[in-house]
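First the structure, in the form of structure tokens, and then the observations on it.
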Amino acid sequence: MPKGGARLGAGRPKGQGKYKEATKPIRIPESKIENIFDYINGINYKLPLYSSSVQAGFPSPADDYLEEKLDLNKYLIKHPSATFFVKVTGDSMIKAGIHSGDILIVDRSIEPKNNKIVIAAIDGELTVKRLSYEPDGNYLQPENDNYSPIKIDEHNDLTIWGVVTNVLHSV
17 MPKGGARLGA GRPKGQGKYK EATKPIRIPE SKIENIFDYI NGINYKLPLY
67 SSSVQAGFPS PADDYLEEKL DLNKYLIKHP SATFFVKVTG DSMIKAGIHS
117 GDILIVDRSI EPKNNKIVIA AIDGELTVKR LSYEPDGNYL QPENDNYSPI
167 KIDEHNDLTI WGVVTNVLHS V
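Residues 17 to 187 in the numbering used here are what the sequence shown lists, from first letter to last.
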């Protein structure tokens, strides 16, 4: 009996694997593996983006011309390795258009500046608020009159997790 090597009838029949076609091993940098899996799994959707804008007032005839394809991942996520999503609970940010159940896109690579909406952990509690630098101190400012600003001082354990870049809100 022969040892090793190819044997007639051995192995998986062609077209029977996960991809239903022949495959080929390739070398990929480790930093790109997640992108390759996303591509294979069809996570990057490019959807039509029409060149006409939509009137929020009186209707206007729609433009039938397709301008380009829009990939929401590229449009909404500028720094993929520094970006995460978080789901909102509560109503402290409703005047900023952030409602309970919304999903926030948060970028950790953006510097938190005055008036930016941030995800912050203050004294162990995670919150979404507007960062506000005032002459009398720094605050995490809610966007709802029913809530009071949170004054930040040296006694608080504060960590800014990132800056909110977009809100995913269902209608």
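Cβ atoms here follow ideal geometry from the backbone N, Cα and C, with glycine treated the same way.
Nearest-angstrom beta carbon gap, residue j and residue i [assumed within contact, 8 Å]
i	j	result
Gln-99	Asp-118	Note that residue 99 is Thr in the sequence shown, not Gln. With a Cβ gap of about 16 Å, Thr-99 and Asp-118 do not count as contacting.
Ala-112	Ile-133	6 Å
Val-180	Ile-135	7 Å
Ser-148	Asn-172	Actually they are not in contact, since the Cβ atoms of Ser-148 and Asn-172 sit about 14 Å apart, beyond 8 Å.
Leu-156	Thr-143	7 Å
Ala-38	Lys-30	6 Å
Cβ pair residue i, residue j closer than 7 Å
i	j	result
Val-187	Ile-114	no
Asn-154	Ile-166	no
Ile-44	Ile-52	yes
Val-102	Ser-116	no
For residue i, the residue or residues it bridges with in DSSP
i	result
Gly-153	Glu-150
Ala-136	Thr-143 and Ile-176
Val-187	Bridge partners of Val-187: none, in fact.
Lys-19	In DSSP, Lys-19 forms no bridge with anything.
Glu-50	The partner list for Glu-50 (beta bridge, DSSP) is empty, contrary to what the question assumes.
Lys-167	Tyr-155
Asn-162	Answer is none; Asn-162 lacks a bridge partner.
Exercise. Does the pairing of the segment 157-176 with the segment 89-98 give three or more beta-carbon distances under 8 Å?
Worked result: Verdict: no, contact absent.
Exercise. For the segment 86-138, which segments carrying the alpha helix (DSSP H) assignment without a break, of at least 4 residues, lie completely within its bounds, in sequence order?
Worked result: Complete alpha helix (DSSP H) runs here, min 4: 88-92.
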